[in-house]
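Numbering (my numbering), first residue to last: 278 to 525.
Glycine included, C-beta positions come from ideal geometry on N, C-alpha and C.
All figures in this text were calculated on a predicted structure; none of them were measured in a lab.
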Ligand code: 9WO
């Protein structure tokens with residue numbers, strides 16, 4: 278999997294490429310991360326990368342020529358069939374299935390904005406999709422790009438070991454993750470749920486599923502919209518809804 282990152286802060290990507298699961302995948306060659314700095318494509322003696330917005334107002338935009346030249350260089354180095362994504366709060370909220378389809382591409386080019394962003398015509402002409410981590414503002418797209426590199430890289434076959442495998446993930450089954458426990462058996466007077474000590478794997482599986490469903494109904498009921506549930510899942514959802522009715 279190839280990542281080309283267009284950024285004024287190429288060193289920032291080391292936070293994701295130099296450690297952990299992604300660091301290992303980069304070292305082994307399963308994942309490649311290259312950076313392209315608009316500053317290297319700035320034509321003037323000052324290597325100017327910002328410019329003033331038409332219409333006035335506070336803030337600056339990224340200067341068009343250097344950012345387009347860096348995008349072009351990134352795309353030319355990326356494998357054919359790669360997609361170009363701009364990270365911004367105006368983008369489509371990222372969901373796990375978007376990362377899954379990105380992981381099936383040969384490469385992903387990501388444009389990290391700085392300042393007040395990028396000229397809209399650059400986004401229209403050079404970018405396939407605009408993605409967002411959520412409804413909040415950062416000071417640039419780099420942290421979002423690193424989140425995407427991390428989230429996509431771990432879906433590339435061979436990047437995770439059998440034990441960490443992505444099928445176990447929260448969201449691969451559509452539910453929030455269940456709670457987890459490790460030693461000690463009693464911590465601050467709070468005991469580990471008995472079922473987890475029972476050794477009954479079928480009971481444990483069902484308890485975990487029920488916990489996942491409870492959490493999802495409680496915290497993220499929106500995740501149920503438009504989903505088809507298995508018989509077991511809908512039975513658990515019904516049972517929980519009944520309990521709630523009886524409480525009132
Ligand atoms: C900066 C600014 C300065 C003065 C007045 C208004 C301003 N707006 C902005 C601004 O929104 N800057 C963005 C910074 C431009 C695009 C790149 N930046 C960014 C990306 N911030 N947050 C993200 C982001 C990306 C993905 N998911 C969540 C947030």
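| query | result |
| --- | --- |
| Excluding the 5 residues flanking residue 424 on each side, which residues of the same chain have their C-beta closer than 7 Å to its C-beta? | 410 |
| Beta strand (DSSP E) containing residue 369: first to last residue? | 360-370 |
| Quick one: is the Cβ of residue 413 within less than 7 Å of any heavy atom of the ligand 9WO? | yes |
| Can you tell which of 336, 499 and 395 has its C-alpha closest to the C-alpha of residue 452? | 499 |
| Is the stretch 412-432 close to the stretch 366-381, with three or more CB pairs under 8 Å? | yes |
| Run the proximity test for residue 418: is its beta-carbon closer than 7 Å to any non-hydrogen atom belonging to the ligand 9WO? | yes |
| At which residue ranges does the stretch 289-339 contain complete alpha helix (DSSP H) runs of 4 or more residues, listed in the order of the chain? | 291-294 and 297-305 |
| What does DSSP give as the partner residue(s) for residue 420 in the beta ladder? | Answer by DSSP bridge pairing: none, since residue 420 is not bridged. |
| Within 10 angstroms of its Cβ, does residue 323 collect 16 or more other Cβ (buried), or is it exposed? | exposed |
| Keeping to the same chain, check which residues put their C-beta closer than 6 Å to that of residue 314; ignore five residues upstream and five downstream. | 287 |
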